[in-house]
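In full-length UniProt numbering, the protein residues as written are 1 to 850.
Think of the CB as a built atom: it goes at the ideal place given N, C-alpha and C, for glycine as much as any other residue.
All of these numbers come straight from a predicted model, not from anything done at the bench.
What follows is the structure, given as C-alpha cells:
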C-alpha cells in the first residue's frame, strides 16, 4: 500500500500542485511571521545589551503616579534628587556613582524647517557624561555652556550639521538655537544605536529643558567595587532606598526588551492569525481536491479492496498521501517563509527608520516545528472525510463502474439551519449585551457559527442561485451549458464558493466597520465641535515629550480679528480617585461654547483653581456628583483636591474631565496639545487661518486645519487600517481563487470524455473556453454573494454591539458593488488555465478516455 500511495502521489502530482500551493502560501506566512518577529526581537535584545552592558546597578524612582511604572522610552514620570545620589554613594561596595538625565522629546529642526525623524525612531535628549563608555566623542568637545550641545553622528549626517554650526531644538522649552560643539558615536563605529537622534546638553540645561525640574535626575548608575557582584550591590542599594526601583544592568535590558516584545508579539500574532485564515480557506481547496481524486480513482481503490486491502488500509493510504503532501508543501513554505521573514524584518526596520545590531535571520526550533505541524495538520484534517469515503467504496460496484448517487442534502440542510440560527441568536445576544459572557466572546462564537451554518446551507442554495445568475449567460449555448454544469454538483460548488466566501465576508465586515467609523467621525465633528479651525500637533514620544505650543497663546488667538472664541487645551494622564484618566486643562467657558457641552448637573462654567468638570460616564465610574471632591495625582505634582462643580454629557471631541490651568502644574508637558478657534463668519475663515499660520510659523510641529481637513485626516487613518486588513486578507482571496482554478482543472480531468463528445458534435474551442469561464464566474459570484451577505451582517453586528458615538452604521454600497465586480474578474482569471486545457483536448483521445 505504501508503494501504491507513492505511485498515487506521483501520478496525480499536477492535480495536487494547487493544493500544495495553498499550503505553501499559508506556511510561508506563518514562518515569515515567526522569523521576522524573532529576528526583530533579537535585534532589540542585542541593542539593549549593548546599552546596559557597562551598568552594574541602576536606580530609578518608583512611579506611583498614573500608569503605574516608569516609561521605558518616553518621558520619565518620577524623578530622583541629590539626596538619593548621596545615599547611593555611601552604600558599601559602590565604587562610582553617575547620576543621569534622559528623556524623549529633544526634536531637532532640519534645514527644511521640519523636525528630523518625524514619527520614526526616538528623538531623545541626555545630559552629557564625560565617563560614559557608551558614548564616544568623534569630533569637538562636550557641551560646557547652556547654549551648547553635542549630537550623535547619525543626526549630524541626516540633518547636514557640522561642528561649529547651530541647530534649533524643541524640548519642554520652545524652539531654541544651540551651538554644536561636539559630535559623538557609539561602540562598533555606529553613528546611532538604532536610528535614533540624540542631543546631549549640559547637566543643568538637560534638567531644565528635558525634565522642567532643576536639580533632579532620571537615573543613578552605580559601579560595583572589585569583588562585589551586581546582585549583591543591588540588594544593598535597595535596602538603602526601599522606596525606589533598583535593578542590575541585565534586569534593565530584560525589561526594556520586554517592553518592545509586546509590539513584536502583536505583529507576530496578527500575521499568524491571517495566515491561519488563509490555511483554513486552503482546507476547502484540499478537501475538494481529495474528494475529486477519490471519485476519479474509484476503480483503482476498489481493486485494492478486491486484492485484500482492508478499509483501514485504504483509509490510511489516502491519509498518508495527505501527510506527505502537507509535509512537503510545509517544508517548501518554511524555506520561502525564512526568505520572506528576512525581507519583512528589513522592511520593519526601514519603516521605523532603525538599524538594529543583528545580521541574517533568527530561526528558532519552535518556528520550524509549528510551521510543519500546522501545514501538515491542516492538510490531513481536510483530507479526512475524503479518506473515509474512499474506504467505503463497495469493490464490486466500483469495478462495474456503478455510479454512487449523491446523498440527499436533507441532514446537511437541517444541521446548517440549526447552526445558523444558533449563530444569529448569539450575535443578537452580543448586540444586546445580554448575559454574563463578554460581548466579544459572544460575537466571536456567533460569527463562527454563522460562517459554518451558511457553509452547510450553501449546497442547497447553490443550484437555485447559480441558475438565477446563469440567466445572464443564457443568450449563448456555452453559457447555458456552463450554468447547468455549475448546478449539477452542488456540494462541489458550495465547497469551492465557501472558500471565497470567508475572505469576502471578512473584507466586507471590515468595510462596513470602516465606513461606519468614517460616518461616525464626521457626525461627531459636526455635532460636538463649533469651531471652523483647529490647531493640531504632531505625534510625540509620550506625554512628557508632547509636541505643542505655549497655552498662553490662547489669548493671542482669541484677540485675532474675526475670532469669536478660542481655546487651548493642555492634557496629561492623571489619577482621579485611584483611576487613571486623561484630563485636559484650559478655559472651561470657551470649551463649553466650542464643544457644545451640555450640563447634566451643576454648572458648566469658568473654573477656579481647585474645581473640575466631569462628564457623566466619569462621574458614574468614580461614584461622585456635584459638590463631591475628587483627588487628582499628577505625574510631577502633589495630590490636589478638586471640587466637582458640574457634570456634562459625554463629548467625543474633548476629554472626560476639565480642570483649571492653575491645577496643571504637575503635568509632564507645559505645552497645549490642541487648540480650537470659532470664527465670527465662514467668510472670515481664510483671513483668520492666515493669521494663525503666521502665529505658528516658527513651530513645525503645529498645523492649522479646518474641520474638513481634520475629518479627512481621521478618514485617511481608517483607510490605512482597512488597507492593511485587506492586504493581509489577500492571502485568503488568492487561496480561494486557487480553489476555483483547482476545482475546474480537476473537473476538466473528470469530464474529459464529456468534453470530447461536445467537441465532436460541433462545439468550438472558443465555446468550450467560454463554457468553463461561465462556470468559474458563477462559482466566484456565488461565493462573493454569500460573503457579502455574511460580511454585512457581521459588520452591522459589531457596530451595533460597540454602540460608540464614533460609529454611525453605514453600509458601503459602492464597496460592495466593487467587491462583486472583482469577484467576476477573479472568476474570469481563474478560468484561464482550465479553459485553455479544456479547449486543447484532443477530440479523439478525449472520447476514448476512461
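Residue i, enclosing alpha helix (DSSP H) - first and last residue
i, result
"residue 179", "Residue 179 -> not in any alpha helix (DSSP H); beta strand (DSSP E) instead, spanning 176-185."
"residue 216", "Note, residue 216: premise wrong, no alpha helix (DSSP H); not H, not E."
"residue 82", "82-89"
"residue 752", "752-760"
"residue 766", "765-802"
"residue 157", "153-159"
"residue 822", "813-830"
"residue 617", "616-622"
"residue 693", "685-695"
"residue 592", "588-594"
Cβ-Cβ distance between residue i and residue j below 8 Å
i, j, result
"residue 632", "residue 688", "no"
"residue 517", "residue 729", "no"
"residue 511", "residue 281", "no"
"residue 35", "residue 264", "no"
"residue 115", "residue 554", "no"
"residue 233", "residue 187", "no"
"residue 416", "residue 456", "yes"
"residue 532", "residue 693", "no"
"residue 146", "residue 205", "yes"
"residue 241", "residue 59", "yes"
"residue 695", "residue 556", "yes"
Start and end residues, beta strand (DSSP E) containing residue i
i, result
"residue 485", "Not the beta strand (DSSP E): residue 485 falls in the alpha helix (DSSP H), residues 477-488."
"residue 676", "674-679"
"residue 439", "Taken as a continuous stretch (DSSP letters only), residue 439 belongs to no beta strand (DSSP E), being part of the alpha helix (DSSP H) at 439-470."
"residue 103", "102-104"
"residue 196", "Segment: none, residue 196 is in no beta strand (DSSP E) and carries neither H nor E."
"residue 230", "Here residue 230 belongs to no beta strand (DSSP E); instead the alpha helix (DSSP H) covers 230-240."
"residue 566", "563-576"
Alpha-carbon spacing of residue i relative to residue j, whole angstroms
i, j, result
"residue 72", "residue 374", "With a pLDDT of only 43 at residue 72, under 50, the local geometry of the prediction cannot be trusted, and the value read off the model is given with reservation. Their backbone Cα atoms lie some 36 Å apart in a straight line."
"residue 542", "residue 106", "Caution applies to residue 542, whose pLDDT of 48 falls short of 50 and renders its modelled position unreliable; the value that the coordinates give is listed next. The straight-line gap from Cα to Cα measures roughly 12 Å."
"residue 651", "residue 439", "24 Å"
"residue 287", "residue 494", "12 Å"
"residue 788", "residue 423", "17 Å"
"residue 365", "residue 380", "22 Å"
"residue 485", "residue 756", "15 Å"
"residue 326", "residue 316", "15 Å"
"residue 78", "residue 138", "33 Å"
"residue 278", "residue 192", "40 Å"
"residue 840", "residue 765", "7 Å"
"residue 767", "residue 761", "12 Å"
"residue 450", "residue 718", "27 Å"
"residue 383", "residue 321", "9 Å"
"residue 629", "residue 249", "43 Å"
"residue 544", "residue 667", "Only weak support is given to the placement of residue 544: the predicted model assigns it a pLDDT of 48, under 50, and the question is left unresolved by the model."
"residue 27", "residue 342", "15 Å"
"residue 613", "residue 802", "26 Å"
"residue 844", "residue 751", "14 Å"
"residue 851", "residue 182", "Since the first and last residues shown for the chain are 1 and 850, residue 851 lies out of range."
"residue 548", "residue 831", "57 Å"
"residue 777", "residue 197", "55 Å"
"residue 331", "residue 378", "14 Å"
"residue 595", "residue 679", "14 Å"
"residue 228", "residue 54", "15 Å"
Residue nearest to residue i in terms of C-alpha spacing, selected from the options
i, options, result
"residue 178", "151, 224 and 193", "151"
"residue 747", "134, 290 and 187", "290"
"residue 44", "340, 216, 219 and 348", "348"
"residue 609", "645, 582 and 466", "645"
"residue 565", "224, 579, 685 and 649", "685"
"residue 356", "442, 769, 40 and 601", "40"
"residue 619", "42, 657 and 590", "657"
"residue 505", "793, 602 and 529", "793"
"residue 185", "153, 670 and 634", "153"
"residue 408", "140, 489 and 582", "489"
Cβ-Cβ separation, residue j to residue i (assumed contact under 8 Å), whole Å
i, j, result
"residue 160", "residue 180", "About 11 Å; that fails the 8 Å criterion."
"residue 740", "residue 496", "6 Å"
"residue 675", "residue 568", "4 Å"
"residue 236", "residue 340", "Contact flag wrong, Cβ pair sits at about 50 Å."
"residue 660", "residue 607", "4 Å"
"residue 274", "residue 499", "About 15 Å separates the two Cβ atoms, so there is no contact after all."
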